[in-house]
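> Just dropping this structure here.
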Amino acid sequence: MLVDMGVAKRIHEVNCIGLDGGYPLHIPKLLEKEQDLDTRNFCFPIRKRNGQPLDEDEATFNTMFVGFRSMVENTLGELRFTFAKFNHKDAIPVLQNSEVETVQNRLQNGSELQELQNAFLGMDMSEDDEEL
46 MLVDMGVAKR IHEVNCIGLD GGYPLHIPKL LEKEQDLDTR NFCFPIRKRN
96 GQPLDEDEAT FNTMFVGFRS MVENTLGELR FTFAKFNHKD AIPVLQNSEV
146 ETVQNRLQNG SELQELQNAF LGMDMSEDDE EL
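In structure tokens:
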């Protein structure tokens with residue numbers, strides 16, 4: 046999948062891609078096809094050897110790496126609450142009928158304007174208005 050994506054074109058040479066535990070098996074194939082990448086461009090959890098526990102540094106690295114991944118996943122999950130229109134539950138009206146410029150809407154708006162003008166011109170002035 047990483048080869049098909051053309052990862053080398055999408056990242057800078059000093060960037061690092063965090064991978065799940067299964068992806069490191071595919072890194073050698075990827076490095077054969079992508080000349081601009083190096084093993085330093087990938088970060089993944091340290092795998093435990095059979096019958097041998099991780100040492101303290103390896104366990105700390107894995108804990109911190111998993112924490113970083115969880116933070117990124119949590120941030121992406123919170124975005125759905127930030128932008129309510131992207132929740133994919135409610136239909137979003139893109140255009141309302143009143144926004145569509147039609148002859149009928151123009152006539153209706155014109156008649157409202159005409160009514161306001163007639164009401165304004167038909168006002169009687171009182172003596173109090175002349176004092177201003």
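Residue numbers (our numbering): 46 to 177. All C-beta atoms in this analysis are idealised placements derived from N, C-alpha and C, irrespective of residue type, glycine included. Predicted model only: the values in this text are computed from it and were never measured.
When you compare the stretch 65-77 with the stretch 85-93, are there three or more beta-carbon pairs, one atom per stretch, that lie closer than 8 Å?
Enough Cβ pairs lie closer than 8 Å, so yes.
> Please determine if the stretch 89-108 and the stretch 51-66 are in contact, where contact requires at least 3 C-beta pairs separated by less than 8 Å.
Touching, yes, given that three or more Cβ pairs across the two stretches are closer than 8 Å.
> Under 8 Å by Cβ, that's how I've got Leu-47 and Leu-76 pegged, so tell me the actual separation to the nearest angstrom.
Your numbering for residue 47 matches position 2 in the sequence shown. Your numbering for residue 76 matches position 31 in the sequence shown. No, Leu-47 and Leu-76 are not in contact; Cβ-Cβ is about 10 Å, not under 8 Å.
> So if DSSP puts Ile-72 in a beta bridge, which residue, or which two residues, is it bridged to?
Taking the first residue of the sequence shown as 1, we reach residue 72 at position 27. Partner(s): none; Ile-72 has no beta bridge.
> Would you mind sorting Val-117 into buried or exposed? The rule is 16 or more other CB atoms within 10 Å of its CB.
In the sequence shown, counting from the first residue as 1, residue 117 sits at position 72. Exposed, by the Cβ-count rule.
> According to DSSP, is Gly-63 helix, strand or coil?
On the sequence shown, position 18 is the one that residue 63 refers to. Looking at Gly-63 - three-state DSSP - the assignment turns out to be strand.
> Using only CA atoms, which one of His-71, Asp-81, Ile-72 and Pro-73 lies nearest to Arg-55?
Along the sequence shown, one-based indexing puts residue 55 at 10. Comparing Cα-Cα distances from Arg-55 to each of His-71, Asp-81, Ile-72 and Pro-73, the minimum goes to Asp-81.
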